[in-house]
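The numbering of the sequence shown is UniProt numbering, which starts it at 1 and goes up by one. From the three backbone atoms N, C-alpha and C, an ideal C-beta is built for every residue, glycine too. In this text the structure is predicted, and so the values were computed from the model without any measurement. Just below is one structure, and these are the notes that go with it.
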Amino acid sequence: MLSTGRPPSPASCLSGSQRSESFIQSPLSSGRNECSLRKRMILAPRRMDSSDSSESSSIVSISSECSSEFASSFVMSDEIPKSETMVFGHKGADHLNRAPYFHGLLPVEDAVLLLEDDGDFLVIADPRTDEKDRIVSAVLKLFYQHNGKIWHEEFVFRPYGVTLDQEEVFPTIVELIRAHRAKKRRLRTGALLISPVGRQPWEVKRSELRIGRFLAGDKLSKLNVGWLSRRTRQTQPVAVVSASCGWGTVLTKTFWETTMKRIRVQKLMSHPNIMAIYGVAFNRAPILVVSEYIDSESLESFFKNSPNTLSVAMKLALCFDIALAMNYVHVSGFLHGSLDLSNVHIFESYPLAKIVDLGVMVGRGNRLEDEAEDRLMAPEVVETGVVSEKSDIWSIGMLFNAIFKEGDPYGKTSKRKIHRRLAEQRNYEPDFPYGIPSEMMKINRECWEYKSKNRPNAANLAFRLSKYMEIERFRKNDELYSFYRKYYEVGDKPTVHLPR
């Protein structure tokens with residue numbers, strides 16, 4: 001994983017240009033792709049008029065016990081609650097939970113990107129941690145744009161209400177915002193709250209989600225099957241991962257930031273060989289990540305449970321699908337960084353392979369954390385920790401070898417020995433399994449070139465694999481074949497995504 005650190009605390013005032021530089025770093029190097037992807041990352045903020053608001057008209061006083069309850073409100077429970085509960089400990093929070101402009105634990109980096117015009121505003125819960133980095137509480141903040149700059153204010157709770165300016169006190173946050181909008185009251189900066197920014201399509205409502213049986217879990221997360229019903233009223237099976245679970249643990253800020261970094265990118269990916277992310281439920285604990293439900297098993301599990309069942313043609317098809325997915329990732333301006341058998345799933349029909357975990361999924365030139373456990377990383381990553389498109393190609397070659405070997409390319413060799421040999425022997429490579437085609441051996445050796453600049457790219461790999469396999473969908477798709485043929489012959493890097 002990448003060492004993400006903690007998200008930068010926004011200054012009380014950021015200009016539009018400063019905001020872009022501070023909160024989003026484009027992973028693309030080409031202007032055309034950078035512009036396109038940046039627009040997709042920012043998304044179009046959704047605004048509501050008075051008829052769209054679901055704010056309650058009733059007034060509920062905040063109890064004097066708000067502070068103590070608020071401090072413990074984010075301790076994660078073993079159960080995924082079936083009913084709609086509050087993210088905070090006081091009754092007034094029930095109104096805020098239903099307010100469309102409340103985005104829960106939406107990271108600051110994402111929140112500021114949704115504010116485009118003067119008067120836009122939203123409310124988030126900025127997490128606070130204990131000495132062990134566990135999220136145990138949150139500070140409610142109002143973010144808004146005024147005079148082309150982003151500002152934020154913290155809500156201050158008192159035994160008899162909530163305030164922003166320490167002078168006017170309101171029973172609830174919803175009543176405070178309603179009063180400022182209705183009477184056009186200005187904040188201390190002179191700003192008016194005009195347009196509430198609603199939840200984005202990828203911010204899933206709990207009411208849209210039904211949780212099913214438990215599938216798997218560990219100390220940091222657990223997986224359930226579920227059903228998602230959006231505005232189309234069509235229900236689809238989904239996988240629901242709670243970003244915290246029981247066993248005496250709570251969500252840590254580092255884990256949450258790392259999870260959100262992956263989600264922020266993976267929700268942009270749309271490819272048949274990559275698992276889709278549908279959205280996240282932020283408004284209360286536990287935080288839920290909703291993704292495509294994949295009823296299959298990883299290649300690692302498959303080879304353990306069903307060894308020697310795949311033909312050479314099927315293994316070539318798996319390699320081809322992986323090359324297609326990784327070319328899409330690279331053309332989109334991102335990297336994977338941790339390819340292995342555990343994050344590729346196998347299917348009985350097209351697509352034969354799907355990458356279910358996009359690893360670090362970051363821009364070029366980023367650094368892996370020291371505790372990265374990947375055994376298939378390139379020599380330069382072992383030495384410097386810096387990942388690149390070419391280091392991904394090394395891992396792809398290792399993954400190809402693992403598919404034909406039906407297991408770890410290095411066998412039982414320890415990671416320490418692997419890294420030492422990579423550092424000492426420039427031509428060090430794992431053994432080739434029996435029955436691997438000669439062309440695959442050639443492809444693997446090219447992927448394992450010590451000088452990264454001499455390694456091929458994913459599009460080149462996909463084209464060459466297509467020549468040695470029988471895949472009906474490839475032979476029928478003239479557009480796709482023409483794309484690879486042009487790329488292979490001319491050698492120019494395409495600026496468009498793969499046609500599907």
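query: Can you tell me the Cβ-Cβ gap for Arg284 and Gly104, rounded? I've got them flagged as a contact below 8 Å.; result: 7 Å
query: One question on the structure: do Leu140 and Ile194 come within less than 8 Å of each other, judged by their Cβ atoms?; result: no
query: Report, in whole angstroms, the separation of the C-beta atoms of Leu228 and Tyr278, which I expect to be a contact under 8 Å.; result: 6 Å
query: Ordered along the chain, which non-local residues of its own chain (more than five positions away) have a Cβ less than 8 Å from that of Ala462?; result: Phe320, Ala323, Leu324, Asn327, Tyr484
query: What distance in whole Å lies between the Cβ atoms of Leu251 and Arg135, which are believed to be in contact at a cut-off of 8 Å?; result: At residue 135 the sequence reads Ile, which differs from the Arg that was named. Yes, Ile135 and Leu251 are in contact; Cβ-Cβ is about 5 Å, under 8 Å.
query: Identify every residue that forms a DSSP beta bridge with Ala353.; result: Ile346
query: If Pro456 sits next to Ile393, beta carbons under 8 Å apart, how far is it from one beta carbon to the other, in whole angstroms?; result: 7 Å
query: Inspect the beta-carbon positions of Ser339 and Glu300 and report whether they are closer than 8 Å.; result: A quick correction: the sequence has Leu, not Ser, at residue 339. It is not a contact, given that the beta carbons lie outside the stated cut-off.
query: Among residues of its own chain, excluding the 5 on either side of Asn147, which ones have a beta-carbon nearer than 7 Å to its beta-carbon?; result: Asp118
query: Can you tell me whether Ala276 is helix, strand or coil according to DSSP?; result: coil
query: For Leu122 and Ser242, what's the separation of their Cα atoms in angstroms?; result: 24 Å
query: Roughly how many whole angstroms lie between the Cα atoms of Ala191 and Gln145?; result: 8 Å
query: Hey, would you say Val108 sits closer than 8 Å to Asp133, going by beta carbons?; result: no
query: Indicate whether Val356 and Met275 have their beta-carbon atoms separated by less than 8 Å.; result: yes
query: Of the choices Arg185, Thr189, Val225, Glu175, whose alpha-carbon is the least far from that of Ile150?; result: Thr189
query: By the three-class DSSP mapping on this structure, what secondary structure does Leu288 have?; result: strand
query: Does the pairing of the segment 306 to 314 with the segment 409 to 424 give three or more beta-carbon distances under 8 Å?; result: no
query: First and last residue of the alpha helix (DSSP H) that includes Pro379?; result: 379 to 384
query: Rounded to the nearest angstrom, what separates Arg178 and Ala353 at their Cα positions?; result: 51 Å
query: Does the beta-carbon distance from Phe282 to Glu203 come in below 8 Å?; result: yes
query: When the distance is taken between beta carbons, is Ile294 closer than 8 Å to His345?; result: yes
query: Just the Cα atoms here: how many angstroms apart are Ala239 and Leu318?; result: 23 Å
query: Just mark Asn460 as buried or exposed, buried being the case when its beta carbon has 16 or more other beta carbons within 10 Å.; result: buried
query: Pull up the distance between the alpha-carbon of Asp120 and that of Phe143, whole angstroms please.; result: 8 Å
query: Looking at the strands, I want to know which residues DSSP matches up with Tyr144.; result: Phe121, Trp151
query: Can you tell me which of the three DSSP states Leu96 falls into?; result: helix
query: Based on Cα-Cα distance, which residue from Tyr160, Gln200, His152 lies nearest to Pro100?; result: Gln200
query: Hey, out of Pro237, Arg181, Asn427, whose CA is closest to Glu208's CA?; result: Pro237
query: Looking at the secondary structure, which residues open and close the beta strand (DSSP E) in which Ala216 lies?; result: 209 to 217
query: Applying the 10 Å Cβ sphere with the 16-neighbour rule, what's the burial state of Glu389?; result: buried
query: Ala182 to Thr259, Cα distance in whole Å?; result: 38 Å
query: Report the partner residues of Asn224 according to the DSSP bridge assignment.; result: Phe214, Val240
query: Thinking C-alpha only, which one of Val329, Val265, Arg264 is nearest Asn273?; result: Val329
query: CA-CA distance, Thr169 and Ser332?; result: Thr is not the amino acid found at residue 169; the sequence shown has Val there. Between Val169 and Ser332, the C-alpha separation is close to 49 Å.
query: Determine the direct distance from the alpha carbon of Gly435 to that of Phe255, and round the result to whole angstroms.; result: 42 Å
query: Given a cut-off of 8 Å, decide if Asp408 and Arg375 are closer than it, judged by their beta-carbon atoms.; result: yes
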